[in-house]
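Taking it in order: structure first as structure tokens, then the write-up.
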Amino acid sequence: MGKDEVIQHNSWEFNEEVSEVFSDMLSRSIPDYDNMRDLMFRMARNFVTPYSNVLDIGCSTGLSSKRLIECDEAQKTDFTLIDISEPMLTKCKEFYRGRRNVDVRYWDITEGCPICCCSVIISCLTLQFVPIEYRQKIISSIYNSLNKGGALFLVEKVIGHSHTIDEVMVKEYYEIKRENAYTEKQIKAKRKALAGTLVPLTIKMNESLLEVAGFRKIDTFWRYLNFCGIIAVK
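Rendered as structure tokens:
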């Protein structure tokens with residue numbers, strides 16, 4: 001695993017350079033990332049059922065689904081991992097080569113979910129990169145693709161409800177990045193590259209999308225500063 005020293009001068013892209021350092025990027029850029037991923041696995045394994053499907057939207061290198069794919073509860077479950085970044089898909093396919101129950105494929109989620117009969121759907125730090133006008137369609141497609149009792153795990157960067165509090169959270173977020181050895185040049189360059197590409201919503205706005213789609217059982221399973229994990233059960 002390489003160290004994240006990526007500086008992109010144009011709009012942010014999940015290119016080959018990013019794919020080479022992605023694990024380091026996540027662990028140093030997303031506060032409490034490892035604990036979030038562990039908690040998501042622990043929660044998700046309670047919803048996986050035999051002979052169902054699990055969908056990972058925006059799978060990147062495939063790490064979000066790794067423990068779920070390997071757990072005892074999922075040995076009779078089929079996994080579909082989708083992304084639109086070819087470099088990420090190449091890494092993911094290499095990682096899961098030989099696993100017969102894992103299908104890694106290119107798919108644009110703005111077209112809707114590619115499979116149905118899902119017991120679990122994971123969207124980890126993905127929808128924030130999708131234009132807002134597509135998000136309701138995607139969430140509704142997710143709802144329709146889940147079995148009754150199935151769960152969506154939605155992890156997103158969020159905006160605070162209060163501008164004052166949001167400013168403090170953002171300030172502390174960048175302080176954490178400095179503590180994780182990112183330079184001021186790297187921080188400013190990434191912030192500029194992500195502007196207009198990563199568009200977060202408030203938690204209430206995300207919950208509203210879920211409610212419009214039909215979800216009624218919605219809760220927060222993880223929160224750290226301006227990052228949030230939401231579980232929604234059909």
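Note that full-length UniProt numbering gives residue 95 to position 95 of the sequence shown, counting from 1, and the numbers run on in steps of one.
The beta carbon of each residue, even a glycine, is placed where N, CA and C say it ideally should be.
All values derive from a computational prediction rather than experimental measurement.
Classification of residue i by the beta-carbon crowding that lies within 10 angstroms, buried from 16 upward
i, result
"Asn35", "exposed"
"Gly98", "exposed"
"Tyr143", "buried"
"Glu133", "exposed"
"Arg105", "exposed"
"Asp38", "exposed"
"Ile82", "buried"
"Lys217", "exposed"
"Pro50", "exposed"
"Ile139", "buried"
"Val212", "exposed"
"residue 288", "For residue 288 there is no data in the structure shown, the boundaries of the chain being 1 and 234."
"Ser162", "exposed"
"Ile165", "exposed"
Residue i: first and last residue of the uninterrupted alpha helix (DSSP H) it sits in
i, result
"Asn206", "Ile203 to Ala213"
"Arg42", "Tyr33 to Ala44"
"Val170", "His163 to Glu179"
"Ala189", "Glu184 to Leu194"
"Asn226", "Careful: Asn226 lies outside any alpha helix (DSSP H) and carries neither H nor E."
"Leu89", "Glu86 to Phe95"
"Phe47", "Looking at the DSSP string, Phe47 is not in any alpha helix (DSSP H), and its letter there is neither H nor E."
"Leu81", "Premise fails: Leu81 lies in the beta strand (DSSP E), Asp78 to Asp83, not in any alpha helix (DSSP H)."
"Leu68", "Lys66 to Glu70"
From the options, residue whose alpha carbon lies closest to that of residue i
i, options, result
"Thr77", "Glu207, Cys118 and Ser52", "Ser52"
"Leu89", "Asp56, Ile115, Ser162 and Ile30", "Asp56"
"Pro200", "Lys234, Ile159 and Gly150", "Ile159"
"Ser27", "Glu179, Glu111 and Gly112", "Glu179"
"Glu20", "Ser145, Cys92, Thr126 and Ala189", "Cys92"
"Lys171", "Tyr96, Cys59, Ala181 and Asn226", "Asn226"
"Leu146", "Leu198, Ala232 and Lys177", "Ala232"
"Asp108", "Phe95, Cys59, Glu94 and Arg100", "Cys59"
"Val155", "Met169, Ser141, Thr126 and Leu210", "Thr126"
"Asp219", "Ala213, Val212 and Asn206", "Asn206"
"Arg223", "Leu209, Ala213 and Ile203", "Ile203"
"Tyr96", "Gly214, Pro114, Arg191 and Ser65", "Ser65"
"Leu68", "Asp103, Arg42, Glu86 and Pro87", "Arg42"
Extent of the continuous beta strand (DSSP E) to which residue i belongs
i, result
"Val104", "Val102 to Tyr106"
"Glu156", "Leu146 to Ile159"
"Ile122", "Cys118 to Cys124"
"Val18", "Here Val18 belongs to no beta strand (DSSP E); instead the alpha helix (DSSP H) covers Glu16 to Glu20."
"Leu63", "Element bounds for Leu63: n/a, residue is neither H nor E."
is_contact[residue i, chain C] using C-beta, thresh 7 Å
i, result
"Val158", "Structure shown: chain C not included; a single protein chain is present."
> With a cut-off of 8 Å, do at least 3 Cβ pairs link the stretch 64-81 to the stretch 39-55?
Replying inline: Touching, per the Cβ criterion.
>> Taking contact to mean 3 or more Cβ pairs, one atom from each stretch, closer than 8 Å, check whether the stretch 146-155 and the stretch 115-123 are in contact.
In response: yes
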